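K.L.:
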Amino acid sequence: MQVQYDVIIAGGGMVGATLACLLGQSGKRVAVLEAHQPALFSPDDPYDLRVSAISRASQRALLAAGAWEGIVARRAFPYEAMQVWDATGTGEIRFDAADLGEPDLGHIVENRVIQLALLDTLQALDGVDVFCPDKLAEVLVDAQQVTATLHSGEVLQAKLLVGADGAQSKVRQLAGIGMETQDYGQKGLVCVVQTELAHQFTAWQRFMPGGPLAFLPLADGFCSIVWTLPADRADAMLRLSDGDFCRELAQALDFRLGDVTAVGERAAFSLRGRHAEPYIQERVALAGDAAHTIHPLAGQGVNLGIKDAVELAQQICQAQGDVGSVKVLRAYERARRGDNVLTQKAMEGFRLLFGNTLTPWKILRNSGLSIVNQMSFLKYEIAKRAMGI
Ligand SMILES: Cc1cc2nc3c(=O)[nH]c(=O)nc-3n(C[C@H](O)[C@H](O)[C@H](O)COP(=O)(O)OP(=O)(O)OC[C@H]3O[C@@H](n4cnc5c(N)ncnc54)[C@H](O)[C@@H]3O)c2cc1C
1 MQVQYDVIIA
11 GGGMVGATLA
21 CLLGQSGKRV
31 AVLEAHQPAL
41 FSPDDPYDLR
51 VSAISRASQR
61 ALLAAGAWEG
71 IVARRAFPYE
81 AMQVWDATGT
91 GEIRFDAADL
101 GEPDLGHIVE
111 NRVIQLALLD
121 TLQALDGVDV
131 FCPDKLAEVL
141 VDAQQVTATL
151 HSGEVLQAKL
161 LVGADGAQSK
171 VRQLAGIGME
181 TQDYGQKGLV
191 CVVQTELAHQ
201 FTAWQRFMPG
211 GPLAFLPLAD
221 GFCSIVWTLP
231 ADRADAMLRL
241 SDGDFCRELA
251 QALDFRLGDV
261 TAVGERAAFS
271 LRGRHAEPYI
281 QERVALAGDA
291 AHTIHPLAGQ
301 GVNLGIKDAV
311 ELAQQICQAQ
321 GDVGSVKVLR
331 AYERARRGDN
341 VLTQKAMEGF
351 RLLFGNTLTP
361 WKILRNSGLS
371 IVNQMSFLKY
381 EIAKRAMGI
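Numbering follows full-length UniProt numbering, with no gaps: position 357 of the sequence shown is 357.
#1: Roughly how far, in whole angstroms, is the beta-carbon of Gly11 from the beta-carbon of Glu34, given that I think they are within contact range, below 8 Å?
#2: Determine the closest residue to Asp299 out of Ala137, Leu216, Ala291 and Leu174, with distance taken between C-alpha atoms.
#3: Compute the minimum distance between the beta carbon of Ser52 and the heavy atoms of ligand 1, and state whether it is under 7 Å.
#4: Out of Val284, Glu282 and Gly273, state which residue places its alpha-carbon closest to the alpha-carbon of Thr293.
#5: Using beta-carbon positions only, say whether Gly221 and Ala198 come within less than 8 Å of one another.
#6: Our contact map puts Leu49 next to Glu277 with C-beta atoms below 8 Å; I'd like the distance itself, whole angstroms only.
#7: Helix, strand or coil, according to DSSP, for Glu92 in the structure here?
#8: Helix, strand or coil: which one does DSSP assign to Cys223?
#9: Does DSSP classify Ile108 as helix, strand or coil?
#10: Around the Cβ of Gln318, are there at least 16 other Cβ atoms within 10 angstroms (buried) or fewer (exposed)?
#11: May I ask you to list the residues that DSSP assigns as paired with Pro212?
#12: Out of curiosity, what's the CA-to-CA distance linking Val128 and Ala20?
#13: Determine the DSSP secondary structure at Pro43, reduced to helix, strand or coil.
#14: With a threshold of 7 Å, establish whether the CB of Met82 neighbours any heavy atom of ligand 1.
#15: In chain order, which continuous runs of the beta strand (DSSP E) of length 3 or greater are located wholly inside the stretch 169-196?
#16: Determine the burial state of Arg94: buried for a count of at least 16 other Cβ atoms within 10 Å of its Cβ, exposed for fewer.
#17: Can you give me the C-alpha to C-alpha distance between Leu116 and Glu154, rounded to a whole angstrom?
#18: Check whether the stretch 338-349 touches the stretch 57-74, taking contact to mean three or more Cβ pairs, one atom from each stretch, closer than 8 Å.
#19: Is it the case that the stretch 275-291 contacts the stretch 304-312, given that we only count it when at least three CB pairs across the two stretches are under 8 Å?
#20: Taking DSSP as the reference, what is the three-state secondary structure of Gln123?
#21: Can you give me the Cβ contacts of Val15 inside the same chain, cut-off strictly under 6 Å, excluding the 5 residues immediately before and after it?
#22: Would you identify the three-state DSSP class for Asp254, choosing helix, strand or coil?
#23: Can you grab the Cα-Cα spacing for the pair Gly178 / Val171, in whole Å?
#24: Identify every run of the beta strand (DSSP E) within the stretch 117-165, keeping only runs that are complete inside it and at least 3 residues long; order them along the chain.
#25: Indicate whether the contact test is met: 3 or more Cβ pairs, each with one atom in the stretch 322-336 and one in the stretch 75-84, closer than 8 Å.
#26: Name the DSSP beta bridge partners of Thr359, please?
#27: For residue 444, count neighbouring C-beta atoms within 10 Å of its own C-beta (all shown protein chains included) and say buried if the count is 16 or more, exposed if not.
#28: By how many angstroms is the C-alpha of Val284 removed from the C-alpha of Leu174?
#29: Taking C-beta to C-beta, are Ala313 and Leu22 nearer than 8 Å?
#30: Going along the chain, which residues of its own chain have a beta-carbon closer than 6 Å to the beta-carbon of Gly211, five neighbours each way excluded?
#31: Straight-line CA distance for Ala203 to Glu381?
#32: How would you label Leu36, buried or exposed, when you count the other beta carbons within 10 angstroms and need 16 or more for buried?
#33: Per DSSP, what kind of secondary structure is Ser370 in: helix, strand or coil?
#34: Counting only runs that start and end within the stretch 254-315, where is the beta strand (DSSP E) found for 3 or more residues in a row?
#35: Mapping the DSSP letters down to three states, classify Ala81 as helix, strand or coil.
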């Protein structure tokens, strides 16, 4: 039997599930295809390796999607300050939520917690069906609709197919949409650690020539770390014993939090910048990592993806007539591409500026950080932009 939807979303990750919640709440008929059943959550579980720094704009979107309560009920950790400094000089900058009149700068949340809260919300929405675990097997696009055959044999029809299926997007491949890719030659090493000194509700980030190291605060004195390293050095760090790794890590943070006293499982992800060109074609749209991936140095990847979801939901909900038409989808792409490109270029600029060991660049970034730190207005404009307020 063929079931008729307004929108089929491939990918029930953080971006696809946010889009589905927003559409479902507006009365749209939505099918979500998610390849993997997310691991269940218990408050006694150790922290997951994959966490995201969620901006105020994303928090608001997740609230509107009906998932923020479920996120906080599981676990989310607000951070109140951010301290950034350059390993090769004296440049340093500090952002404080209190100076902005805000309770926090954002929240550190495990990715699976966000996904589970969104999927819970979806289960309660009448117009939304979640197919999990399931995937697209075949797609047929014609002038009237998209027909999707799933691995399970189910056949679905809709006006629009959205690829929110991550960086290796199958929808993008099936649609023949091109992708500009840049391999940074770096990996992001992630793990959860405990430190000798309290993290003070602060996100700590030290820029080194090989890449930045971030300590993101979690409850009970834990920190989630993202350490960008040249790929071969990241692999070597994965092979170290726990004791040797903790020593290297504490030193890399310049002992700001004293010794690293415990470390959990470690993993490293290859880092690539990607941008799809275009994001849309008739009856197909891409969102989140399926459309763009950026360097994680400022923790903006999923925040951009959630902005895509909000914009796409808005364009679909206010469309008069066919939601899969190029006219509707072009308005989405026009609204989002500029912000995504600008953020990607800014991250690229930071990566090159802080990775450069030549003296003029060292002077430029160190004096730049110190000057901006003293210019309250500029500093807080930067902070507000990162928070999306
Ligand atoms: C080391 C590191 C640290 C990061 N830290 C941050 C941070 O602090 N803040 C931030 O904003 N961003 C961060 N990011 C980026 C962030 O993780 C991604 O931008 C985000 O996960 C993208 O979400 P998404 O839903 O678009 O894609 P994904 O998270 O990749 O989700 C895609 C979903 O689609 C499913 N799927 C895949 N293929 C199919 C298919 N064929 N059919 C059905 N389902 C499918 C997958 O199972 C998955 O659930 C970081 C990235 C890295 C590598």
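All C-beta atoms in this analysis are idealised placements derived from N, C-alpha and C, irrespective of residue type, glycine included.
Please read all numbers here as calculations on a predicted model, not as lab measurements.
P.N.:
This is what the structure holds:
#1: 7 Å
#2: As written in the sequence, residue 299 is Gly, which differs from the Asp given in the question. That would be Leu216, whose Cα lies nearest to the Cα of Gly299.
#3: yes
#4: Gly273
#5: yes
#6: Incorrect: roughly 32 Å between the Cβ atoms, too far for contact.
#7: strand
#8: strand
#9: strand
#10: exposed
#11: Phe207
#12: 7 Å
#13: coil
#14: no
#15: 178-195
#16: exposed
#17: 24 Å
#18: no
#19: yes
#20: helix
#21: Ala164, Ala287, Gly288, Gly305 and Ala309
#22: coil
#23: 11 Å
#24: 128-131, 136-141, 146-150 and 155-163
#25: no
#26: None, per the DSSP bridge assignment.
#27: Lying outside 1 to 389, the shown extent of the chain, residue 444 is not represented and no answer is given.
#28: 10 Å
#29: yes
#30: Gln186, Thr228 and Leu229
#31: 18 Å
#32: First, the amino acid is wrong: residue 36 is His here, not Leu. It is exposed - the Cβ of His36 has fewer than 16 other Cβ atoms within 10 Å.
#33: helix
#34: 260-263, 267-277 and 284-286
#35: strand
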